[in-house]
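Right, one structure below, let's go through it.
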Amino acid sequence: MTYESAADDDGFAEYAVAAWPRLVRTAQLLTGDFHEAEDLVQTTLAKVYGRWRRVPRGEIDLYVRRSLINNNLSRIRRKRVVHLLTPVLPESLRHTSAGHAEAVEQRTSILEALADLTARQRAVMVLRYWEDLTELEIASVLNCSIGTVKTHARRGLAALRAHPRLATTAANAAAPVFPPPLPAPSGARR
1 MTYESAADDD GFAEYAVAAW PRLVRTAQLL TGDFHEAEDL VQTTLAKVYG
51 RWRRVPRGEI DLYVRRSLIN NNLSRIRRKR VVHLLTPVLP ESLRHTSAGH
101 AEAVEQRTSI LEALADLTAR QRAVMVLRYW EDLTELEIAS VLNCSIGTVK
151 THARRGLAAL RAHPRLATTA ANAAAPVFPP PLPAPSGARR
């Protein structure tokens, strides 16, 4: 059995090393858990590697983002089946650190609020406000219309603004509100 050397991978190893931190941060916002995010990125990159030579070089980031979102949606569907089959759901673990408890509390609140969104709304929020993609780019990644992206963005923002955990965190914090209120995407109705 022969193995390809790093030079024969047509740039995949370099891309994966450079994109790993960004993809893990994005995946963490999508999954809400660092370890699941790493697993999601690893799965995505493994699948992309199998098709690497057929991916157009000008669309690599689009292809990888789309794969990441689709793998996350598949992961959520599989989890739903497991949750339906599990008689009692385990309680989520709460991690705190003594040195920066407020920052950890805010981060936990944001992740919980994102977790309460639908998978598509969460994907739009992460791609729009974390990855800073335009609505057209998001529509291309999610393979949907711009109107659908705007609808998910509007509903996601409304849900985040109304989320009780974010309101509680903002009310209890003496420092400026983190995250700052998210601006409405261009073209969104209020």
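At position 108 of the sequence shown (counting the first as 1) the number is 108 in UniProt numbering, and the numbers step up by one without a gap. Cβ coordinates follow ideal geometry from the N, Cα and C atoms, glycine included. Note that the structure is a prediction, hence the values are computed from the model and not measured.
| Query | Result |
| --- | --- |
| Which of helix, strand or coil DSSP assigns to His152 | helix |
| Leu29 beta carbon less than 8 Å from that of Val126 | yes |
| Alpha helix (DSSP H) runs contained entirely in the region 26 to 57, provided each spans 4 or more residues | 34 to 51 |
| C-beta atoms of Glu112 and Arg165 nearer than 8 Å | yes |
| C-beta atoms of Ile146 and Glu135 nearer than 8 Å | yes |
| Exposed unless 16 or more other CB atoms sit within 10 angstroms - verdict on His152 | buried |
| Short Cβ contact (8 Å threshold) for Ala37 with Val24 | yes |
| Extent of the continuous alpha helix (DSSP H) run through Val104 | Ala101 to Ala115 |
| Sub-8 Å separation of Val124 and Ile138 beta-carbons | yes |
| Sequence-distant residues of its chain with Cβ nearer than 7 Å to Leu117 (five each side left out) | Met125, Gly156 and Ala159 |
| Asn71 vs Ala119 beta-carbon contact at 8 Å | no |
| Euclidean distance between Cα positions of Pro21 and Ala13 | 14 Å |
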